[in-house]
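Those protein sequence lines, which keep their order, are chains A and B. Here the first sequence stands for residues 14 to 826, numbered as in this note's numbering. Here the second sequence stands for residues 322 to 431, numbered as in this note's numbering.
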Amino acid sequence: MTQKLVVIGAGMASGRMLEHLFESDPSAYEVTLFNAEPRGNYNRLMLSPVLSGENTYAEIVTHDEDWYAANGVACRFGERVVEIDREAKLVVGEKGAVPYDKLVIATGSDPFMIPLPGHDLEGVIPYRDLEDTERMMGLSAKPDAKAVVIGGGLLGLEAAAGMAARGVDVTVVHIMGHLMERQLDEAAGYLLRRALTDKGIKVMCSANSREILGENGHVKALLLDDGTELPCDLLVMAVGIRPSVALAKSAGLAVGRGVHVDDQMVTSDTDVLALGECVEHNGAVFGLVAPLYDQAKVLAQTLLGQEAAFRPKEVATKLKVTGCDLFSAGDFAEGEGREDIVFRDPARGVYKRLVLEGERLIGAVMYGDTADGAWFHGLIKDRENVSEMRDTLIFGPAFQGGASADPMAAVAALPADAEICGCNGVCKGRIVEAVEGGATTIEDVRAVTKASGSCGTCTGLVEQVMALSLGDDFVMPTAKPVCRCTDLTHEDVRRLIKAQELKSQPAVWQELGWTTPNGCHVCRPAVNYYLLADWPLEYQDDPQSRFVNERNHANIQKDGTYSVVPRMWGGLTNPRELRAIADAADKYGVPTVKVTGGQRIDLLGVRKEDLPAMWADLNEAGLVSGHAYSKGLRTVKTCVGREHCRFGTQDSTGLGVKLEKRLWGSWTPHKVKLAVSGCPRNCAEATCKDLGIVCVDSGFEIGVGGAAGMDLKEIQPLVKVATEAEAEEWSVAFVQLYREHAKYLDRPYKWIAKVGMDWVREALSDADERAALVARFDLSQTIYQKDPWAERAEPAQARRFQPLADLTLEAAE
Amino acid sequence: MNWIDVGALDDIPLRGARLVKTPVGCVALFRTGENEVFAASDRCPHKGGPLSEGIVHGRAVTCPLHNWVFSLETGEAQGADEGSIPTYPLRVENGRLLLDGDAVGRRAAA
Numbered sequence: 014m015t016q017k018l019v020v021i022g023a024g025m026a027s028g029r030m031l032e033h034l035f036e037s038d039p040s041a042y043e044v045t046l047f048n049a050e051p052r053g054n055y056n057r058l059m060l061s062p063v064l065s066g067e068n069t070y071a072e073i074v075t076h077d078e079d080w081y082a083a084n085g086v087a088c089r090f091g092e093r094v095v096e097i098d099r100e101a102k103l104v105v106g107e108k109g110a111v112p113y114d115k116l117v118i119a120t121g122s123d124p125f126m127i128p129l130p131g132h133d134l135e136g137v138i139p140y141r142d143l144e145d146t147e148r149m150m151g152l153s154a155k156p157d158a159k160a161v162v163i164g165g166g167l168l169g170l171e172a173a174a175g176m177a178a179r180g181v182d183v184t185v186v187h188i189m190g191h192l193m194e195r196q197l198d199e200a201a202g203y204l205l206r207r208a209l210t211d212k213g214i215k216v217m218c219s220a221n222s223r224e225i226l227g228e229n230g231h232v233k234a235l236l237l238d239d240g241t242e243l244p245c246d247l248l249v250m251a252v253g254i255r256p257s258v259a260l261a262k263s264a265g266l267a268v269g270r271g272v273h274v275d276d277q278m279v280t281s282d283t284d285v286l287a288l289g290e291c292v293e294h295n296g297a298v299f300g301l302v303a304p305l306y307d308q309a310k311v312l313a314q315t316l317l318g319q320e321a322a323f324r325p326k327e328v329a330t331k332l333k334v335t336g337c338d339l340f341s342a343g344d345f346a347e348g349e350g351r352e353d354i355v356f357r358d359p360a361r362g363v364y365k366r367l368v369l370e371g372e373r374l375i376g377a378v379m380y381g382d383t384a385d386g387a388w389f390h391g392l393i394k395d396r397e398n399v400s401e402m403r404d405t406l407i408f409g410p411a412f413q414g415g416a417s418a419d420p421m422a423a424v425a426a427l428p429a430d431a432e433i434c435g436c437n438g439v440c441k442g443r444i445v446e447a448v449e450g451g452a453t454t455i456e457d458v459r460a461v462t463k464a465s466g467s468c469g470t471c472t473g474l475v476e477q478v479m480a481l482s483l484g485d486d487f488v489m490p491t492a493k494p495v496c497r498c499t500d501l502t503h504e505d506v507r508r509l510i511k512a513q514e515l516k517s518q519p520a521v522w523q524e525l526g527w528t529t530p531n532g533c534h535v536c537r538p539a540v541n542y543y544l545l546a547d548w549p550l551e552y553q554d555d556p557q558s559r560f561v562n563e564r565n566h567a568n569i570q571k572d573g574t575y576s577v578v579p580r581m582w583g584g585l586t587n588p589r590e591l592r593a594i595a596d597a598a599d600k601y602g603v604p605t606v607k608v609t610g611g612q613r614i615d616l617l618g619v620r621k622e623d624l625p626a627m628w629a630d631l632n633e634a635g636l637v638s639g640h641a642y643s644k645g646l647r648t649v650k651t652c653v654g655r656e657h658c659r660f661g662t663q664d665s666t667g668l669g670v671k672l673e674k675r676l677w678g679s680w681t682p683h684k685v686k687l688a689v690s691g692c693p694r695n696c697a698e699a700t701c702k703d704l705g706i707v708c709v710d711s712g713f714e715i716g717v718g719g720a721a722g723m724d725l726k727e728i729q730p731l732v733k734v735a736t737e738a739e740a741e742e743w744s745v746a747f748v749q750l751y752r753e754h755a756k757y758l759d760r761p762y763k764w765i766a767k768v769g770m771d772w773v774r775e776a777l778s779d780a781d782e783r784a785a786l787v788a789r790f791d792l793s794q795t796i797y798q799k800d801p802w803a804e805r806a807e808p809a810q811a812r813r814f815q816p817l818a819d820l821t822l823e824a825a826e
Numbered sequence: 322m323n324w325i326d327v328g329a330l331d332d333i334p335l336r337g338a339r340l341v342k343t344p345v346g347c348v349a350l351f352r353t354g355e356n357e358v359f360a361a362s363d364r365c366p367h368k369g370g371p372l373s374e375g376i377v378h379g380r381a382v383t384c385p386l387h388n389w390v391f392s393l394e395t396g397e398a399q400g401a402d403e404g405s406i407p408t409y410p411l412r413v414e415n416g417r418l419l420l421d422g423d424a425v426g427r428r429a430a431a
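Set out below in structure tokens:
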């Protein structure tokens with residue numbers, strides 16, 4: 014006997030279910046299909062090509078009128094279901110009730126709209142159905158149309174790319190630090206961002222939306238937390254979906270995050286079944302299409318009285334976002350005992366990361382080249398033991414089971430016309446010729462062929478070719494890499510950051526082929542410094558890449574307490590400051606107060622929690638951070654000079670104060686200490702400082718590269734100038750030259766030993782060059798010359814200095 | 322397990338750490354990825370350095386005092402150094418940080 018089946022929702026899951034049902038037994042059910050959208054089933058995944066203009070709506074319809082008619086489906090499209098009456102077994106639509114023997118709920122999901130002020134303005138839409146798509150398509154008709162997309166997940170990026178393809182000016186605002194953080198890790202997210210930026214889409218990460226601004230009831234702009242205003246004609250919110258459960262809930266069915274179903278897709282009512290994005294199975298909800306199709310098959314079998322059970326499978330996502338190939342499978346984030354294998358090919362924009370647990374592959378992320386995705390997915394699904402092929406696993410199936418992957422053997426096998434250096438088009442044969450012509454070092458080869466002279470990433474390959482040609486005569490250079498994350502030296506990294514205009518840490522990791530996901534405690538502070546020194550405006554300083562002292566703006570002591578050193582310009586202070594320091598020492602129970610060698614007062618033994626309040630107190634008296642903890646300008650030590658001293662030739666104290674006011678707050682490769690002595694008796698000990706000035710009757714003698722630490726060095730003369738203004742100009746220019754060129758953690762004397770004092774003198778003796786250095790220094794200071802204490806004494810920042818929670822209090826009760 | 326909500330995920334900066342005081346001592350919560358966190362003792366077994374102040378990289382942290390590196394997954398010191406720190410169950414749910422109260426010595430609220 015034919016039974017009555019009512020289906021609520023004509024989406025991809027229920028559509029596939031009906032196909033299975035009619036194929037197996039076309040006469041088992043008489044079907045009524047409700048759909049709130051005024052149309053039948055279409056391929057929702059293909060809305061993006063419709064948006065970008067690659068497809069039309071007609072091409073993505075999966076079930077047309079003829080199909081529904083041929084299968085005898087009573088279509089109630091454009092009609093909402095008001096109620097499910099389970100007792101009477103009736104589905105009540107807006108235009109009348111329909112009885113059922115079996116009911117299938119396939120209501121799908123609702124887009125989540127962030128309840129920002131203004132979210133109900135006209136022109137604020139989700140991206141879910143054809144209507145939304147058409148709104149976005151319509152926007153391109155307007156000249157200079159602007160759109161903002163909130164949400165840097167798959168849907169948001171597709172919306173952005175589709176509109177951009179139609180000529181709309183699009184900005185994507187994403188709250189997380191990188192795009193598609195659920196599918197991609199940071200490095201892949203960086204590559205994706207770069208690809209989108211190349212297409213003219215603006216991307217703002219770590220951006221919090223505050224309010225949607227409107228005019229006459231229509232959206233006008235999005236206002237961010239930092240005050241940025243992004244004008245727009247349309248605002249698309251694509252921040253996620255939620256199972257649509259309202260109907261099932263009001264019908265009294267068991268509902269959690271989604272409608273609860275068992276393995277047979279039956280809800281808490283045996284005559285009501287459910288599938289698709291609205292269901293929850295064993296605690297999981299679903300968003301990808303593959304498991305929905307599995308559910309569709311199971312549900313159709315259940316309806317026909319056949320044995321079937323839904324078993325969720327490991328799902329891989331292979332995506333194409335605006336022409337960029339992405340693949341992710343398995344679990345590549347959380348868990349214990351995991352190891353990463355990372356492969357990067359900067360020139361091709363390829364990134365691959367495999368996650369292993371013990372002998373098994375459990376996750377994979379790929380960007381740019383996803384050809385081996387299916388193979389990796391297979392290894393993950395089958396839980397195969399990969400320990401045998403671990404060494405070459407990341408190169409994919411083509412590399413397995415063959416001869417051993419000795420890199421030298423691979424290089425030896427290359428033909429003479431194989432390209433080694435892509436930047437300069439140098440092939441293997443040319444390098445071999447150079448070696449035969451007498452080149453014995455990498456520098457020789459570089460000079461003759463230019464190989465490895467540009468981006469430098471082929472240096473290893475060039476060396477291997479040389480080693481093969483020279484045999485035992487070749488001595489591999491012993492330049493020390495930054496750390497185990499890279500083979501590049503500090504000098505290489507600095508050069509490449511400038512040459513390739515790398516402006517973020519993920520950019521450095523990816524383009525320079527870092528072997529770890531995000532560096533280590535050795536390279537991170539160095540790379541952070543290089544980026545902020547070279548790109549002061551574009552790069553944002555990363556506190557998490559700084560050593561504790563620079564992050565907390567105080568010196569950590571061996572017992573975990575901190576020392577606080579207020580700045581005293583040129584060593585000058587006054588009774589008011591001294592009182593404030595004394596009061597702070599009393600108030601916060603400072604156990605030790607000491608005068609430092611740099612003419613400052615050090616308050617030792619302060620608890621971390623007390624730092625922000627203590628800084629606020631000191632700020633109030635006009636005292637700012639003395640940066641006694643930083644790789645930056647520390648102190649300018651002075652003597653009293655001609656103001657008081659009978660031998661003083663110039664105002665050494667005044668010049669010291671001027672220099673300190675100019676230089677404070679700047680970050681440098683290592684700490685920088687200055688001193689100004691008023692006469693050659695040198696009471697300020699200027700001759701053992703990084704930069705020391707000794708005043709004489711006729712002017713100022715400036716020397717650099719002194720030290721009085723592990724090494725004792727006397728300054729080397731740089732220049733003698735007649736005026737204070739010139740002394741200041743030369744000093745600033747020297748500091749900037751050091752900032753731009755030195756290796757991280759090289760004090761000036763070490764750096765000068767490498768580049769030579771002559772080179773330093775020559776660089777600085779050019780007046781234009783000096784002026785340019787000063788200008789670049791001043792530009793950087795517009796960002797970095799601000800008191801870190803004042804910033805951190807703000808309540809929002811100060812909270813970071815407190816424990817997140819205290820679980821000892823309640824336990825003691 | 323006795324999951325206690327100790328704060329929001331976003332209270333910890335990416336590749337940073339925050340501290341929770343517990344009956345077993347200070348516990349550091351590390352955020353190694355957008356959605357990845359670990360909990361471990363804050364105290365370095367070498368000289369007692371505060372690990373929550375170290376640089377977080379991969380799934381490891383470097384002690385700020387003498388650069389010992391610990392795996393946050395196993396608690397074991399890496400490289401040539403020998404020692405380990407206790408680790409505690411911590412998970413993220415709906416953007417909240419849930420720490421296992423039993424593991425850090427706090428009895429369930431009656």
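Backbone N, C-alpha and C fix where the C-beta goes; we use that ideal spot for every residue, glycine too.
Below-8 angstroms beta-carbon distance, residue i vs any chain B residue
i, result
"M25 (chain A)", "no"
"C245 (chain A)", "no"
"V577 (chain A)", "no"
"Q810 (chain A)", "no"
"R351 (chain A)", "yes"
"Q553 (chain A)", "no"
"S417 (chain A)", "Per-residue confidence for S417 (chain A) stands at a pLDDT of 41, beneath the threshold of 50, marking its modelled position as unreliable; the derived number appears in the next sentence. So no, S417 (chain A) is outside the interface."
Contact with chain A by residue i, beta-carbon distance below 8 angstroms
i, result
"R417 (chain B)", "no"
"D423 (chain B)", "no"
"H367 (chain B)", "no"
"E414 (chain B)", "no"
"P371 (chain B)", "yes"
"L350 (chain B)", "yes"
"D332 (chain B)", "yes"
"G404 (chain B)", "no"
"E374 (chain B)", "yes"
"G328 (chain B)", "yes"
"E394 (chain B)", "yes"
Residue i: contacting residues in chain A (beta-carbon distance under 8 angstroms)
i, result
"N323 (chain B)", "Under the 8 angstroms cutoff, chain A gives no residues; its nearest Cβ is about 11 angstroms from N323 (chain B)."
"P410 (chain B)", "Under the 8 angstroms cutoff, chain A gives no residues; its nearest Cβ is about 10 angstroms from P410 (chain B)."
Contacts of residue i in chain B (Cβ-Cβ under 8 angstroms)
i, result
"M189 (chain A)", "E355"
"N531 (chain A)", "R336, H378 and G379"
Bridge partner(s) assigned by DSSP for residue i
i, result
"S690 (chain A)", "A:V707"
"P139 (chain A)", "A:M250"
"S392 (chain B)", "B:A381"
Chain B residues whose Cβ lies nearer than 9 angstroms to that of residue i
i, result
"S638 (chain A)", "Simply none; closest approach about 18 angstroms."
"Q196 (chain A)", "Near Q196 (chain A) there are no residues of chain B at all, since even the closest Cβ is about 11 angstroms away, more than 9 angstroms."
Chain-ordered neighbours of residue i on chain A, where CB pairs are closer than 7 angstroms
i, result
"P385 (chain B)", "F560, V561 and I569"
Can at least three beta-carbon pairs, one atom from the region 556-574 of chain A and one from the region 368-387 of chain B, be found at a separation below 8 angstroms? Pairwise C-beta distances place the region 556-574 of chain A in contact with the region 368-387 of chain B, as three or more of them are shorter than 8 angstroms.
At a cut of 8 angstroms, does the region 343-355 of chain B reach the region 601-608 of chain A through at least three beta carbon pairs? When C-beta atoms of the region 343-355 of chain B are compared with those of the region 601-608 of chain A, fewer than three pairs fall below 8 angstroms, so the two segments do not count as touching.
Could you pull out every unbroken alpha helix (DSSP H) segment of at least 4 residues lying fully inside the region 172-250 of chain A, listed in chain order? Listed in chain order, the complete alpha helix (DSSP H) runs (minimum 4 residues) inside the region 172-250 of chain A are 199-211.
Tell me, please, whether the region 223-230 of chain A touches the region 101-120 of chain A by the rule of three or more beta-carbon pairs shorter than 8 angstroms. Output reads no: the region 101-120 of chain A does not touch the region 223-230 of chain A.
Inter-stretch contact (C-beta, 8 angstroms, three-pair minimum) for the region 685-700 of chain A and the region 638-658 of chain A: Three or more pairs of CB atoms, one per stretch, sit closer than 8 angstroms, so the region 685-700 of chain A contacts the region 638-658 of chain A.
Completely contained alpha helix (DSSP H) runs for the region 731-805 of chain A, where each covers 4 or more residues: List check, alpha helix (DSSP H) in window: 737-754, 761-768, 770-778 and 780-797.
Pairs of beta-carbons, one from the region 182-197 of chain A and one from the region 275-291 of chain A, closer than 8 angstroms: are there three or more? No, because fewer than three Cβ pairs between the region 182-197 of chain A and the region 275-291 of chain A fall closer than 8 angstroms, the two stretches do not touch.
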